[in-house]
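Visitor:
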Amino acid sequence: MTEMMAPKFLRAALSHCLDILYSPKCLKCLASFGGRARLCAACWANVQFVMPPGCSNDMAQTR
855 MTEMMAPKFL RAALSHCLDI LYSPKCLKCL ASFGGRARLC AACWANVQFV
905 MPPGCSNDMA QTR
């Protein structure tokens, strides 16, 4: 195993162990679900994204 692969492997192994101990939960409704997302499908469907012109400040366009 190369030096770069070892940290990725250990991080993935630790993540899977933590998923077994603490099943992934939605950050909004705390429902258990599989996957790496932070919101369940129902909560994700209710997310309202900021649409243009969300910020008409000139500072927003300088970045």
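For the sequence shown, position 5 matches number 859 in our numbering, and the numbering has no gaps at all. Backbone N, C-alpha and C define an ideal beta-carbon position, used for all residues, glycine too. A quick note: this is a predicted structure, and the numbers were derived from the prediction, not measured.
1. Where does residue 869 fall in DSSP's three states?
2. In the structure shown, what three-state DSSP assignment does residue 882 receive?
3. Kindly say whether residue 891, judged by its beta-carbon, lies nearer than 8 Å to any beta-carbon of chain C.
4. Which first and last residues belong to the alpha helix (DSSP H) in which residue 899 is found?
5. Please report the straight-line C-alpha distance between residue 889 and residue 878, rounded to a whole angstrom.
Guide: This is what the structure gives:
1. For the purposes of this step, residue 869 is taken as residue 15 along the sequence shown, with counting starting at 1. Residue state, collapsed to three classes: helix.
2. Locating residue 882 in the sequence shown gives position 28, where the first residue counts as 1. In this structure, residue 882 counts as coil in the three-state DSSP scheme.
3. As a matter of chain content, chain C is missing from the structure shown, which is built from one protein chain.
4. On the sequence shown, position 45 is the one that residue 899 refers to. Element bounds for residue 899: 895-899.
5. Working through the sequence shown from its first residue, we reach residue 889 at position 35. Working through the sequence shown from its first residue, we reach residue 878 at position 24. In a straight line, the C-alpha of residue 889 is about 8 Å away from that of residue 878.
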